[in-house]
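**Q** Below are the structure tokens for one structure; questions will follow.
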Amino acid sequence: MASETFSLRYAHIMEQYQFIEEFLERLYAAISDKPYVKGLQDVDKAPLPTIIKAIHKLEKEQNITVFTIDECEELSQVILRRNFWSHECFTKLTFAKNGALKKPEDRLQMEQDIRQAEEWREKIFQKQLNY
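Note that numbering that gives the first Met the number 0 has the sequence shown beginning at 0, numbered continuously upward.
Dropping the structure here:
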């Protein structure tokens with residue numbers, strides 16, 4: 000993976016994570032009993048775990064299921080990977096002199112994370128359409 004390719008793939012994965020965050024905020028606003036804009040303001044700039052906890056609280060209060068137990072576990076893994084790419088990848092991964100990822104397993108993990116983030120972006124987008 001050349002440096003330019005890594006940079007483009009990194010930008011793509013971060014875009015997916017940003018959409019996941021945005022769609023979770025919108026999902027919260029849609030299921031809250033507040034006006035939509037007020038619901039958005041409640042979670043604006045909140046960390047992902049806080050938004051997810053707020054959604055779980057609304058699920059219990061309203062006796063609805065937004066995320067299954069399995070989805071919650073997988074979403075937790077997505078958040079861990081998002082945190083890695085946001086805060087740790089440049090210090091934890093090994094890069095070649097040209098700036099590309101050096102280890103094949105790191106390139107593979109990146110591609111797996113991208114696919115998972117793309118799937119979750121779509122999944123959350125679809126869920127918000129249901130409310």
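Where is the CB? At the ideal position from N, CA and C, for every residue including glycine. It should be emphasised that the depicted structure is a prediction, and the values quoted were computed from it without experimental measurement.
1) Below 8 Å, can you find three or more Cβ-Cβ pairs linking the segment 67-77 to the segment 103-123?
2) So Q127 packs on A45, CB below 8 Å; how close in whole Å?
3) Return the Cβ separation of L26 and V65 in integer angstroms, given the expectation that the two are a contact with Cβ distance under 8 Å.
4) Can you grab the Cα-Cα spacing for the pair R80 / D112, in whole Å?
5) Can you tell me which of the three DSSP states L39 falls into?
6) Which residue marks the beginning of the alpha helix (DSSP H) containing F124, and which one marks its end?
7) Under a CB-based cut-off of 8 Å, is T93 close to chain C?
8) Roughly how many angstroms lie between the CA atoms of Y9 and D43, to the nearest whole one?
9) Measuring straight from C-alpha to C-alpha, what distance separates F83 and K52?
10) Let's test the definition: count the other Cβ atoms within 10 Å of the Cβ of Q76 and tell me whether it reaches 16, buried, or not, exposed.
11) Given that a residue counts as buried once 16 or more other Cβ atoms are within 10 Å of its Cβ, and exposed if not, what is Q61?
**A** In brief:
1) Under the 8 Å Cβ criterion, the segment 67-77 counts as touching the segment 103-123, having at least three qualifying pairs.
2) Mapped onto the sequence shown, residue 127 falls at position 128. Mapped onto the sequence shown, residue 45 falls at position 46. About 16 Å; that fails the 8 Å criterion.
3) For the purposes of this step, residue 26 is taken as the residue at position 27 of the sequence shown. For the purposes of this step, residue 65 is taken as the residue at position 66 of the sequence shown. The pair is a contact, with the Cβ atoms about 7 Å apart (cut-off 8 Å).
4) As a working mapping, residue 80 is identified with position 81 in the sequence shown. As a working mapping, residue 112 is identified with position 113 in the sequence shown. Those two C-alpha atoms are separated by around 7 Å.
5) The residue given as residue 39 occupies position 40 in the sequence shown. In the three-state reduction of the DSSP assignment, L39 falls in the helix class, which pools H, G and I.
6) Taking the first residue of the sequence shown as 1, we reach residue 124 at position 125. In this chain, the alpha helix (DSSP H) harbouring F124 covers 103-128.
7) Judged by its chain identifiers, the structure shown contains no chain C, having just a single protein chain.
8) For the purposes of this step, residue 9 is taken as residue 10 along the sequence shown, with counting starting at 1. For the purposes of this step, residue 43 is taken as residue 44 along the sequence shown, with counting starting at 1. C-alpha separation (whole angstroms): 24 Å.
9) By 1-based counting over the sequence shown, the position of residue 83 is 84. By 1-based counting over the sequence shown, the position of residue 52 is 53. Cα to Cα, F83 sits roughly 21 Å from K52.
10) In the sequence shown, counting from the first residue as 1, residue 76 sits at position 77. Q76 should be labelled exposed.
11) For the purposes of this step, residue 61 is taken as the residue at position 62 of the sequence shown. Looking at its Cβ environment, which holds fewer than 16 other Cβ atoms inside 10 Å, Q61 is exposed.
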